[in-house]
Amino acid sequence: MRGWWPKGAEAVLNKEIDFDTDTLKVALLAATYAYNAAHDFYNDISSAVVGTPQTLTSVTKAGGVLDAADSLFAALVGAEVGAFAIYKDTGVAGTSTLLIFIDDYAGLPFTPDGSDLPIVWPSAGIMTPALAA
Numbered sequence: 001m002r003g004w005w006p007k008g009a010e011a012v013l014n015k016e017i018d019f020d021t022d023t024l025k026v027a028l029l030a031a032t033y034a035y036n037a038a039h040d041f042y043n044d045i046s047s048a049v050v051g052t053p054q055t056l057t058s059v060t061k062a063g064g065v066l067d068a069a070d071s072l073f074a075a076l077v078g079a080e081v082g083a084f085a086i087y088k089d090t091g092v093a094g095t096s097t098l099l100i101f102i103d104d105y106a107g108l109p110f111t112p113d114g115s116d117l118p119i120v121w122p123s124a125g126i127m128t129p130a131l132a133a
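Everything in the sequence shown is counted per our numbering, starting at 1 for the first residue and increasing by one.
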């Protein structure tokens, strides 16, 4: 599945997300995490996060497609990774809006072994504008 969390889609439609200036991060989620449409903020998923979330850089939205430079999780250790979460980081877990859930990335699930985990975003972009999970 690759889709918008409902609260994230609502925030985009309400212009509460500025893809040009907001800090967007990608978090790795343990394979035991199950997508829940009622989850709306980072605090709902924080117990399932593996490693340290990474800031998305060079974010673009050309043609309505969200994209960014590839991400790197260095020397990753922890639980098996089964999904990614992209969210707006406000610095406060209870107000950091969950945007996109991804569990269809090639190579998932992934078991960390201390090696680097590069996330090479698809050439078509991270997410299309379809606002449905």
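Every residue, glycine too, gets a C-beta built ideally from N, C-alpha and C.
Rounded straight-line distance, which links the Cα of residue j to that of residue i
i, j, result
"R2", "A31", "15 Å"
"A85", "V49", "9 Å"
"N141", "K7", "With the chain covering 1 to 133 only, the question about residue 141 has no answer from this structure."
"I102", "Q54", "15 Å"
"A74", "E80", "15 Å"
Proximity of residue i and residue j at Cβ, strictly below 9 Å
i, j, result
"G107", "V77", "no"
"L24", "L56", "yes"
"I45", "L98", "yes"
Any non-hydrogen atom of the ligand MG within 8 Å of residue i CB
i, result
"G8", "Looking at this structure, you won't find the ligand MG or any other ligand, since it has none at all."
Sequence-distant residues of its chain with Cβ nearer than 6 Å to residue i (five each side left out)
i, result
"T60", "D67"
"A133", "Residue confidence is low: A133 scores 42 on pLDDT, short of 50, so the model does not pin down where it sits. Its coordinate-derived value is still stated next. So the qualifying residues of the chain are G3 and W4."
"I126", "L66 and D67"
Residues of its chain near residue i, where Cβ-Cβ distance is below 7 Å and the 5 sequence neighbours each way are ignored
i, result
"S58", "A68 and A69"
"A93", "F41, Y42, N43 and S46"
Identity of the residues DSSP links to residue i by a beta bridge
i, result
"T97", "F41"
Rounded distance between the beta-carbons of residue j and residue i, thought under 8 Å
i, j, result
"S96", "Y42", "4 Å"
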